[in-house]
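Just so we're aligned: 1065 in the working numbering is position 87 of the sequence shown, and the numbers increase by one with no gaps anywhere. What follows is a set of notes on a single structure, which appears directly below.
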Amino acid sequence: MIKNLQNRSIAIISFFAVAIIALSGCKKDNTGESLTVSISADIDGTNKVFDKNVAGGTITSEGQQITIIQGSATDGSQIAITLAGKLTSGKTFSNNAANDDDKPVILYNEADASYANDDSAVSNIAGVTLTSASSTSAKGTFTGDLIEVSFGNDVKRKVITNGKFSVKLTTQNVQ
């Protein structure tokens, strides 16, 4: 099980890196929309604001959509939330979902470690709820237990609660 988690985590981190590069080349959509851009969450009980390089983007390829919402904190830590499919107000993505497209991927990086969804969590299951969504913006909440992406036996965990985000979205079609 740990081996599968490690392989999945490596794939997730690789996807995250490629997606951030792709999103950085997206053209900004200037719709005149007034939106306070922010990401915040309690990490192990301590509130953290990810107000640097806050961005959101949707990539569409071969009819499939992937949306990534990400930001950095002043201490250099980063958070990224990846959602598959069309964003719809009121939709909840949960690690308990039967369909993999309805499962979020939450990544949290610190200077010395990276964390991803803990698939074995039973109480604070990774989840994202969209409170508002359009082609140009998304707002929502998120929570979840994360596990360190590690190859050692001493696996560390992070608990995310009270997560909130509000981002403008750029779009990119990839052929």
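All residues carry an ideal CB built from backbone N, CA and C; glycine is no exception.
The residues G1034, I1059, F1143 and V1145, in chain order, have a CB closer than 6 Å to that of I1047 in the same chain once the five nearest residues on each side in sequence are set aside.
For the beta strand (DSSP E) assignment, the uninterrupted runs of no fewer than 3 residues enclosed by the segment 1012 to 1042 are, from N- to C-terminal side, 1016 to 1021, 1024 to 1027 and 1030 to 1039. Collapsing the DSSP output to three states places D1080 in a helix. Residues of the same chain with a CB within less than 7 Å of the CB of D1022, apart from the 5 flanking positions on each side, are K1136 and V1137 in chain order. Approximately 6 Å separates the beta-carbon atoms of N1095 and L1124; this is inside 8 Å, confirming the contact. In the displayed model, L1085 falls within a strand according to three-state DSSP. According to the DSSP assignment, L1147 belongs to no beta strand (DSSP E), since it is labelled neither H nor E. Where Q1056 is concerned, the enclosing beta strand (DSSP E) starts and stops at Q1056 to A1062. Ranked by Cα distance from G1130, the options N1087, A1051 and A1091 are led by A1091.
The criterion of a C-beta distance shorter than 8 Å is not satisfied by D1029 and G1054.
Scanning V1032, Q1153 and T1045 for the CA closest to the CA of V1083 turns up T1045. In the DSSP assignment, F1129 falls outside any beta strand (DSSP E) and carries neither an H nor an E. By the CB criterion at 8 Å, L1065 and L1013 fall outside the cutoff.
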